[in-house]
Amino acid sequence: MKAITSTFLITLIVTSSAFAGGDYWKYKIMAFDEAKGNATITLQAIDKKDTFSNCNEIEIFSKYEHVPWFSWLPFVHTNHPTPKENHQAIDFIKLHYKNDQNIYFGYMGYGLVPTENACEFKSKGLRIEKINNLEIVTSYHNET
Numbered sequence: 671m672k673a674i675t676s677t678f679l680i681t682l683i684v685t686s687s688a689f690a691g692g693d694y695w696k697y698k699i700m701a702f703d704e705a706k707g708n709a710t711i712t713l714q715a716i717d718k719k720d721t722f723s724n725c726n727e728i729e730i731f732s733k734y735e736h737v738p739w740f741s742w743l744p745f746v747h748t749n750h751p752t753p754k755e756n757h758q759a760i761d762f763i764k765l766h767y768k769n770d771q772n773i774y775f776g777y778m779g780y781g782l783v784p785t786e787n788a789c790e791f792k793s794k795g796l797r798i799e800k801i802n803n804l805e806i807v808t809s810y811h812n813e814t
């Protein structure tokens with residue numbers, strides 16, 4: 671019985687920290703604005719198979735926040751992007767916008783939360799993920 675309980679607990683702990691996985695698509699950056707570490711990004715899908723196919727463009731308001739709010743404590747571990755990772759992702763988008771280059775953009779879990787306006791979303795953190803030799807900007811909102 672002890673072995674079964676131990677196996678169950680180990681399995682629970684190992685799987686609870688795994689990413690749920692996310693989706694991503696190729697986008698053209700139509701507009702980019704940054705002020706005080708916050709960014710407004712307007713993207714137009716190149717692949718019309720994206721989840722926002724009813725929108726010609728999507729607008730993302732990225733304002734970094736710790737998720738959960740107490741995650742700044744040194745003993746709390748979270749999968750949410752760090753302030754440094756968020757800054758790197760914003761710089762990545764800015765560079766690609768200036769060079770008129772497309773990006774891959776997606777989200778993890780509940781990474782984009784709709785606002786009251788159609789085709790507008792909020793993000794609490796961005797990170798560059800490397801998947802299959804692609805650099806993908808992923809959005810996070812709630813803890814995944």
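The opening position of the sequence shown corresponds to residue 671 in our numbering, with each subsequent residue numbered one higher. C-beta: ideal position from N, C-alpha, C; glycine also.
- Could you give the C-beta distance for Tyr767 and Ser809, rounded to a whole number, given that I count them as a contact under 8 Å? Locating residue 767 in the sequence shown gives position 97, where the first residue counts as 1. Locating residue 809 in the sequence shown gives position 139, where the first residue counts as 1. With 8 Å as the limit, Tyr767 and Ser809 do not qualify as a contact, their Cβ atoms being about 16 Å apart.
- Item | Spatial neighbours of Cys789 in its chain, beta-carbon cut-off 6 Å, leaving aside the 5 residues before and after | The count along the sequence shown starts at 1 and reaches residue 789 at position 119. So the list reads Cys725 and Ile728, once near-sequence residues are dropped.
- Query: Using the beta-carbon count (16 or more within 10 Å), is Glu786 buried or exposed?
  - Reply: Residue numbering aside, residue 786 sits at position 116 when the sequence shown is read from its first letter. So Glu786 ends up on the exposed side.
- CA-to-CA distance, Glu799 to Lys754, given in whole angstroms: If you number the sequence shown from 1, residue 754 lands on position 84. If you number the sequence shown from 1, residue 799 lands on position 129. As the crow flies, the alpha-carbon of Lys754 is around 14 Å from that of Glu799.
- Message: Rounded to the nearest angstrom, what separates Ala688 and Glu735 at their Cα positions?
- Response: Position 18 of the sequence shown, counted from the start, is the residue given in the question as residue 688. Position 65 of the sequence shown, counted from the start, is the residue given in the question as residue 735. At Ala688, the pLDDT of 37 sits below 50, so the modelled position is not reliable; the number obtained from the coordinates is stated separately. C-alpha separation (whole angstroms): 21 Å.
- Message: Let's test the definition: count the other Cβ atoms within 10 Å of the Cβ of His811 and tell me whether it reaches 16, buried, or not, exposed.
- Response: Reading the sequence shown from its first residue, position 141 is the one you call residue 811. Burial is judged here by how many other beta carbons sit within 10 angstroms of a residue's own beta carbon; His811 has at least 16 and is buried.
- Report yes if the CB atom of Ile806 is closer than 9 Å to the CB atom of Ile763, and no otherwise. Translated into the one-based positions of the sequence shown, residue 806 becomes position 136. Translated into the one-based positions of the sequence shown, residue 763 becomes position 93. Contact: no.
- Query: Within 10 angstroms of its Cβ, does Pro784 collect 16 or more other Cβ (buried), or is it exposed?
  - Reply: In the sequence shown, counting from the first residue as 1, residue 784 sits at position 114. Exposed is the call here.
- Could you check how far apart the C-beta atoms of Lys733 and Lys794 are, in whole angstroms? I think they sit under 8 Å. As a working mapping, residue 733 is identified with position 63 in the sequence shown. As a working mapping, residue 794 is identified with position 124 in the sequence shown. Between the beta-carbon of Lys733 and that of Lys794 there is about 7 Å, and that keeps the pair under the 8 Å contact cut.
- State the DSSP-derived secondary structure class of Ile716, mapped to helix, strand or coil. If you number the sequence shown from 1, residue 716 lands on position 46. Ile716 falls in the coil class under three-state DSSP.
- Message: Using 8 Å for Cβ pairs, my map puts Asp693 next to Thr721. What's the rounded Cβ distance?
- Response: Translated into positions along the sequence shown, residue 693 becomes position 23. Translated into positions along the sequence shown, residue 721 becomes position 51. Indeed they touch by this definition, with Cβ atoms about 6 Å apart.
- Query: In angstroms, rounded to a whole number, what distance separates the CA positions of Leu782 and Lys792?
  - Reply: Position 112 of the sequence shown, counted from the start, is the residue given in the question as residue 782. Position 122 of the sequence shown, counted from the start, is the residue given in the question as residue 792. Their backbone Cα atoms lie some 6 Å apart in a straight line.
- Message: To the nearest angstrom, how far is the alpha carbon of Ile674 from that of Leu713?
- Response: In the sequence shown, counting from the first residue as 1, residue 674 sits at position 4. In the sequence shown, counting from the first residue as 1, residue 713 sits at position 43. Any reading at Ile674 must be qualified, since the residue scores a pLDDT of 49, below 50, and its modelled position is unreliable; no value is offered.
- For my contact list, Asn756 and Leu804 are in at a C-beta cut-off of 8 Å; report their separation, rounded to the angstrom. In the sequence shown, the residue the question calls residue 756 occupies position 86. In the sequence shown, the residue the question calls residue 804 occupies position 134. Incorrect: roughly 19 Å between the Cβ atoms, too far for contact.
- Item | Contact set for Gln758: own chain, Cβ-Cβ below 7 Å, skip 5 residues either direction | For the purposes of this step, residue 758 is taken as residue 88 along the sequence shown, with counting starting at 1. Counting only Cβ-Cβ distances below 7 Å, and skipping sequence neighbours, we find Ile798.
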